[in-house]
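Residues -16 to 249 in my numbering are what the sequence shown lists, from first letter to last.
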Amino acid sequence: MNNKVILVVLDGLNYSVARDCMGYVNGLIEEQKASVYKLQSELPSLSRPLYECILTGVKPVNSGITHNQVCRLSKEDSIFSLAREAGLCTAAAAYHWVSELYNRAPYEPRRDRFTADASLNIQYGMFYQWDHYPDEALFQDADHLLKRHNPDFLLIHPMNIDDTGHKFGLDSRQYRNSARRADIILSEFLPDWLSEGYQVLITSDHGMNNDLSHGGTLAEEREVPLFVLGECFSHAPVAIGQTDICGLVCQLLNISHGKSFPGECL
Ligand SMILES: [Zn+2]
C-alpha cells in the first residue's frame, strides 16, 4: 500500500530537550498515539552532512558531504529521487542547502526560493536562506504546499531551534523555549496531517552543546529523537539508526529502494 509521508526535521534538537519540553508530542505518546526512539546522529554532527544522511541513508564519511560548505548535488539515491522515479509527488519547505543537495547547486534565491518544476527531485519547494526564518512561517509554507499539491512525500525543516542553540547554548531557557514553541506549532498541524492519512516522522539532524555549537561526539550533540505517528507504525521498541530513516520512509511510500530499514518498526 502506498502511504503518504511527512518528515519533519527540527534542526538542532537534542533528545533530552525534546523529551523534557515538547509536551504535546509526549502527550501523544502517553495516549499510545505516538512513540519515540532515541537516535544517535552519524558523524560529524553537522547539518548538511546529516541532511544527506537522513535523506539518503548514507553516512557523511561515505557520501562525501562532510561539512556544511560542501556545495554540490548529492551523488546518492535519495527519498526524493526514488519517489520521483516511482512517479510520486515530492515537496519540501526547507533550508536552501536541501535544494542544493537534490535540485540545483548553488542555490540562487530568485530562481530557487519558490520551486515548481515537475522534472526536479523536489518538485514543489519553498526554500529559505535565513537561519532566523520563523518556524511559524516555515510550517505555514509547508501547509501551503500540502494543500496545493497533495504531495506523497513532504519534508518540513525549520531552523529556529538550532539558531537559538548557537546563540545561547544547550543549557539555556532560550533553547528550551524554542523547542516548546515548535511543539506548540506542531500541535496546530499534526491532527490535520494525521486525519488526512499521512504517516509522520519527527526527528533532528543533530543536537547541541554548551559551546554554542555541535559537530563532535558528545552525547548532547549526537542524541536526537525520532517520534513516529500514524497507523502504519508498530510502536515496537526496536533499535533504529539515523541511516535507517531513508529506508523507513521509502518502505512507507512503497517504492523500491536498496536502503536499510528496521522492519519491526512497521
Ligand atoms: Zn547548527
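Glycine is no exception: its CB is placed at the ideal position from the N, C-alpha and C atoms.
Only a predicted model underlies this, so the values are computations on that prediction, with no experimental measurement involved.
- Judged by beta-carbon spacing, residue -8 lies within the 8 Å limit of residue 186, meaning their Cβ atoms are closer than that value.
- Proximity of the stretch 95 to 103 to the stretch 157 to 173 falls short of the contact definition, fewer than three beta-carbon pairs being nearer than 8 Å.
- Here residue 54 is exposed, its C-beta having fewer than 16 other C-beta atoms within 10 Å.
- Cβ atoms of residue -3 and residue 232 stay farther apart than 8 Å, at about 23 Å.
- DSSP, reduced to helix, strand and coil, places residue 12 within a helical segment of the structure shown.
- Assignment of residue 106 by DSSP, reduced to helix, strand and coil, places it in the coil class.
- Of the other Cβ atoms in all chains shown, 16 or more fall within 10 Å of the Cβ of residue 197; this residue is therefore buried.
- For residue 217, the CB contacts under 7 Å within the same chain, skipping 5 residues up- and downstream, are 247, 248, 249 in chain order.
- Excluding five sequence positions before and after residue 181, the CB atoms of its chain that fall closer than 6 Å to its own CB belong to -13, -11, given in chain order.
- Cβ atoms of residue 77 and residue 110 come within 8 Å of each other, at about 6 Å.
- Cβ-Cβ separation between residue 224 and residue 204: approximately 16 Å, too far for a contact (criterion under 8 Å).
- Apart from sequence neighbours up to five positions away, the residues of its chain that approach residue 149 with a beta-carbon distance below 6 Å are 195, ordered along the chain.
- Restricting attention to 66, 83, 61, the CA atom closest to the CA of residue 134 is found in 66.
- With respect to the C-alpha of residue 199, the residue from -5, 20, 0, 26 having the closest C-alpha is 26.
- Residue pairing from DSSP places residue 23 in a beta bridge opposite 206.
- The secondary-structure analysis by DSSP pairs residue 112 with nothing; it has no beta-bridge partner.
- Taking a contact as a CB-CB distance under 8 Å, the pair residue 229 and residue 49 does not count as one, their CB atoms being some 18 Å apart.
- For the pair residue 95 and residue 104, the CB atoms are not nearer than the 8 Å cut-off.
- Look at residue 18 here: in three-state DSSP terms it is strand.
- DSSP, read as helix, strand or coil, puts residue 226 in helix.
- Inclusion of residue 145 in the 7 Å shell around ligand 1 follows from its C-beta lying nearer than that to a non-hydrogen atom of the ligand.
- Residue 37 has its alpha-carbon roughly 22 Å from the corresponding atom of residue 147.
- By the CB criterion at 8 Å, residue 0 and residue 164 fall outside the cutoff.
- Of the other Cβ atoms in all chains shown, 16 or more fall within 10 Å of the Cβ of residue 61; this residue is therefore buried.
- In terms of side-chain proximity, the C-beta atom of residue -5 is found nearer than 7 Å to a non-hydrogen atom of ligand 1.
- For residue 168, the enclosing alpha helix (DSSP H) starts and ends at 156 to 178.
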